[in-house]
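Student: Following this message is one structure expressed as structure tokens.
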Amino acid sequence: MDLTSCFIIHYHGSAAIDQPETMGRGLPAAAAGSGVDDQGGKLKSSWPEMVGKHMVEAAAIIKAERQDVILELHTADDPQPPDFNAHRVCLFLDEDLIVVRTPVVG
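With my numbering applied, the sequence shown covers 446 to 551.
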């Protein structure tokens, strides 16, 4: 799987990042994970098992399970994006590119 087109790299403090139109994070929790796949099953929206894994491994697993999402790369101390995007999963990484927070859709 070619992961090069799957990432948006977030540079903390940069105002020049293009982001799609998004809904506010003030949505009820049910709205955040209410996606349905083609067979009527609920789409996965959280990957707690990725904490401690290398970015490349985590990205490959998430993209295999949710081809509809774009992965954003963040440093460990970056704040969570303030807006909700049903097609975004943020990977918060330490200096060794290890996932340090549970990746979730949003």
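Glycine is no exception: its CB is placed at the ideal position from the N, C-alpha and C atoms.
In its own chain, which residues sit with a C-beta less than 7 angstroms from the C-beta of Asp-513, not counting the 5 before and 5 after it?
Tutor: In the sequence shown, residue 513 corresponds to position 68, counting from 1. Same-chain partners within the cutoff: His-532.
Student: Out of Ala-503, Lys-487, Lys-489, point me to the one whose CA is closest to Arg-546's CA.
Tutor: Translated into positions along the sequence shown, residue 546 becomes position 101. When each option's Cα is compared against that of Arg-546, the closest is Ala-503.
Student: Helix, strand or coil: which one does DSSP assign to Glu-502?
Tutor: The count along the sequence shown starts at 1 and reaches residue 502 at position 57. Glu-502: helix per DSSP, three-state reduction.
Student: Hey, how far is the Cα of Gly-499 from the Cα of Asp-541?
Tutor: Along the sequence shown, one-based indexing puts residue 499 at 54. Along the sequence shown, one-based indexing puts residue 541 at 96. At residue 499 the sequence reads His, which differs from the Gly that was named. Approximately 8 angstroms between the Cα atoms of the pair.
Student: Starting from Leu-538, follow its DSSP beta bridges and name the residues at the other end.
Tutor: Counting from one through the sequence shown, the residue named residue 538 turns up at place 93. DSSP lists Thr-520, Val-544 as the beta-bridge partner residues of Leu-538.
Student: Here's the rule: buried if 16 or more other CB atoms are within 10 angstroms of the residue's CB, otherwise exposed. What is Lys-508?
Tutor: Residue numbering aside, residue 508 sits at position 63 when the sequence shown is read from its first letter. The residue is buried, with at least 16 neighbouring Cβ atoms inside 10 Å.
Student: If you draw a straight line from the alpha carbon of Lys-487 to that of Glu-517, how long is it in whole angstroms?
Tutor: As a working mapping, residue 487 is identified with position 42 in the sequence shown. As a working mapping, residue 517 is identified with position 72 in the sequence shown. Their Cα atoms are separated by approximately 22 angstroms.
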